[in-house]
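Visitor: One structure, pasted below without further comment.
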Amino acid sequence: MTSSARDDAPLIEVSGRTFHPAWLRYSCPCVRCRHPESFQKVSDLSARPDLPEAAGVELDTEANELRIDWREEPAHRSCYPLDWLLLHSADTSDAQNGPVAAPWDAATLRDRGVRWHEAADCGTDGGPWFTDLQTVGFALLKGLTPHGLERLLSGLAPVFYTEYGRQADVRAVPGAEDLAETESALPAHTDYPYKVTGPLTQFCYYAENQATGGELFLVDGFRAAEDFRREHPRWFDLLTGTPVGFEQLYTTWRYLYRVRRPIISLDGNGAIDALHLGHSHAWAWEIAPERCGDFYRAYHGFVRQLGERRYHWSHRYADGECVVFRNNRILHGRDAFDPRTGVRHLITAYVPWQQLESRVRFHQEQRLYLLGQEQK
């Protein structure tokens with residue numbers, strides 16, 4: 022452990038990572054600074070005339086702890102578990118906090134291979150099925166029953182409710198209010214581009230699948246969009262910089278949804294963050310006439326790219342099989358099917374991605390927060 026002069030205060034170095042004293046003092050985990058049950062911050066250092074200064078720094082490797090005595094009245098000591106400290110270091114990349122995303126097309130996915138997980142072994146504490154969600158964006162479950170689906174969803178609650186309820190039974194029906202309830206082919210899309218939601222984890226469970234056709238395919242939208250950015254940078258900029266409207270009319274429930282958003286969203290670093298694309302919901306876009314030509318060339322180019330078989334991973338799901346995927350990364354579609362040849366009963370359900378991710382993170386990191394308490 023060393024300290025070095027940089028900016029306005031000596032930085033504190035631990036295991037090759039550097040920390041500013043102000044960050045450390047602000048992040049003090051003691052019961053005077055954080056509420057002991059909720060773990061929410063209760064200290065407020067903003068009224069102080071200057072930034073905190075460390076009077077003494079001690080690294081106890083045996084106790085796996087960093088201790089700092091602060092130059093303040095009354096005296097204050099902060100104790101930081103090293104595992105927690107290194108996990109939250111500004112030097113730590115997202116890759117060090119979890120599995121690295123592995124963008125794919127059909128060829129790279131075949132080379133990598135896909136794996137199936139016994140549904141009974143998939144829980145809310147993470148594991149291989151969740152690792153697949155983090156890396157390739159989807160996970161394949163087998164041996165699932167309706168009761169097993171409910172068990173998994175309940176453990177990840179709250180479930181995202183739609184007009185169809187907690188779960189939706191997707192069959193070809195007369196008078197369908199959604200193309201999913203027909204036998205038609207569906208191009209690559211994300212669900213609910215016309216709703217303001219956070220990223221969703223989508224479950225597609227085949228309770229029964231006897232009809233001819235209807236093969237489901239997945240597309241890694243992040244991979245396809247990155248290729249599109251490289252091959253057509255100007256078109257890519259048009260899709261990320263032009264909000265367009267998506268809408269859905271539900272006569273049964275008396276809703277007319279309408280949302281304006283870009284088809285491709287970027288994060289603060291310019292990385293692809295989300296895709297919102299449902300061609301059947303793209304209606305009466307408000308685009309200045311002088312920009313329409315360029316925009317529609319870009320849009321049609323991207324739709325054509327998503328339709329290329331080199332991006333499609335297809336599978337005919339058997340009864341009891343389920344695919345779980347991140348709806349804002351993985352697009353899905355299907356071939357047409359013939360409902361006269363057998364029953365095709367698909368059950369869909371959604372859990373907010375943040376909810377699932379946070380549940381797993383709790384299991385992985387609770388020990389860093391519940392030190393000295395009985396872990397639940």
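Under the working numbering, think of the first position of the sequence shown as 22, with each following residue one higher.
C-beta: ideal position from N, C-alpha, C; glycine also.
Given the structure is predicted, the values throughout are model-derived calculations rather than measurements.
Identify, in the order they occur along the chain, each residue of the same chain with its Cβ nearer than 6 Å to the Cβ of TRP306, setting aside the five sequence neighbours on each side.
Guide: Translated into the one-based positions of the sequence shown, residue 306 becomes position 285. Around TRP306: VAL265, GLY266.
Visitor: If you drop the 5 nearest sequence neighbours on each side, which residues of the same chain put their C-beta closer than 7 Å to that of PHE60?
Guide: Residue numbering aside, residue 60 sits at position 39 when the sequence shown is read from its first letter. If we look at PHE60 and ignore the five residues flanking it on each side, its Cβ neighbours are TYR390.
Visitor: Out of SER301, ALA339, SER64, GLU342, point me to the one whose CA is closest to VAL324's CA.
Guide: As a working note, residue 324 is residue 303 in the sequence shown. If we check each option's Cα against that of VAL324, SER301 comes out closest.
Visitor: Looking at C-alpha atoms only, which residue of ALA30, ILE293, GLY169 is the closest neighbour of LEU72?
Guide: Numbered from its first residue, the sequence shown carries residue 72 at position 51. Residue ALA30 is the option with its Cα nearest to LEU72.
Visitor: Any idea if ALA68 is buried or exposed, counting beta-carbon neighbours within 10 angstroms, 16 or more meaning buried?
Guide: Numbered from 1 along the sequence shown, position 47 holds the residue referred to as residue 68. Flag for ALA68 reads exposed.
Visitor: Out of TRP304, VAL121, PHE181, which has the shortest C-alpha to C-alpha gap to TYR415?
Guide: The question about residue 415 has no answer here: the residues shown for the chain are numbered 22 through 397.
Visitor: If you follow the beta strand (DSSP E) that HIS366 is in, where does it begin and where does it stop?
Guide: Position 345 of the sequence shown, counted from the first residue, corresponds to residue 366. Residues 365-373.
Visitor: Checking the sheet assignment: what are the DSSP bridge partners for TYR276?
Guide: The residue given as residue 276 occupies position 255 in the sequence shown. In DSSP, TYR276 forms a bridge with TYR271.
Visitor: What three-state label does DSSP hand GLN223 in the structure shown?
Guide: Taking the sequence shown and counting its residues from 1, the one referred to as residue 223 is at position 202. In the structure shown, GLN223 sits in a strand (DSSP, three-state: E or B).
Visitor: Would ASP241 pass as a contact of ILE351 if the rule is Cβ separation under 8 Å?
Guide: Counting from 1 along the sequence shown, the entry for residue 241 is found at position 220. Counting from 1 along the sequence shown, the entry for residue 351 is found at position 330. Cβ atoms of ASP241 and ILE351: closer than 8 Å.
Visitor: When DSSP labels each residue in this structure, what does ARG27 get in the three-state scheme?
Guide: Taking the first residue of the sequence shown as 1, we reach residue 27 at position 6. Low confidence applies to ARG27: its pLDDT is 43, below 50, so where it sits in the model is not reliable, and the reading given next is rough at best. Note: ARG27 maps to strand in three-state DSSP.
Visitor: Please name the residue or residues paired with ALA75 in a DSSP beta bridge.
Guide: Mapped onto the sequence shown, residue 75 falls at position 54. DSSP, once it has assigned bridges, lists TRP91 as partnering ALA75.
Visitor: According to DSSP, is LEU165 part of a helix, a strand, or is it coil?
Guide: Here residue 165 corresponds to residue number 144 of the sequence shown, with the count starting at 1. LEU165: coil per DSSP, three-state reduction.
Visitor: The beta strand (DSSP E) with CYS313 in it runs from where to where?
Guide: Within the sequence shown, the letter at position 292 stands for residue 313. Per DSSP, CYS313 belongs to no beta strand (DSSP E); it is in the alpha helix (DSSP H), 310-327.
Visitor: With three or more beta-carbon pairs closer than 8 Å as the criterion, would you say the segment 247-256 touches the segment 338-352?
Guide: In short, these stretches do not touch, since the Cβ pair count stays below three.
Visitor: Compare the beta carbon distance of LEU173 and VAL180 with 8 Å and say whether it is the shorter of the two.
Guide: Counted from its first residue, the sequence shown places residue 173 at position 152. Counted from its first residue, the sequence shown places residue 180 at position 159. Not closer than 8 Å, so no.
Visitor: Going residue by residue through the segment 121-195, where are the continuous beta strand (DSSP E) segments of at least 3 residues, counting only ones entirely within it?
Guide: Qualifying beta strand (DSSP E) stretches, in chain order: 137-139, 159-163, 189-191.
Visitor: When burial is assigned at 16 or more other CB atoms within 10 Å of the CB, is ARG244 buried or exposed?
Guide: The residue you call residue 244 lines up with position 223 of the sequence shown. The residue in question, ARG244, is buried, as its Cβ has 16 or more Cβ neighbours within 10 Å.
Visitor: In or out: LEU66 buried (at least 16 other Cβ within 10 Å) or exposed?
Guide: On the sequence shown, position 45 is the one that residue 66 refers to. Burial call: exposed.
Visitor: Can you list, in chain order, the residues of its chain with a C-beta nearer than 6 Å to that of CYS49? Leave out the 5 residues immediately preceding and following it.
Guide: Start at 1 with the first residue of the sequence shown, and residue 49 comes out as number 28. Answer for CYS49: SER99, listed in chain order.
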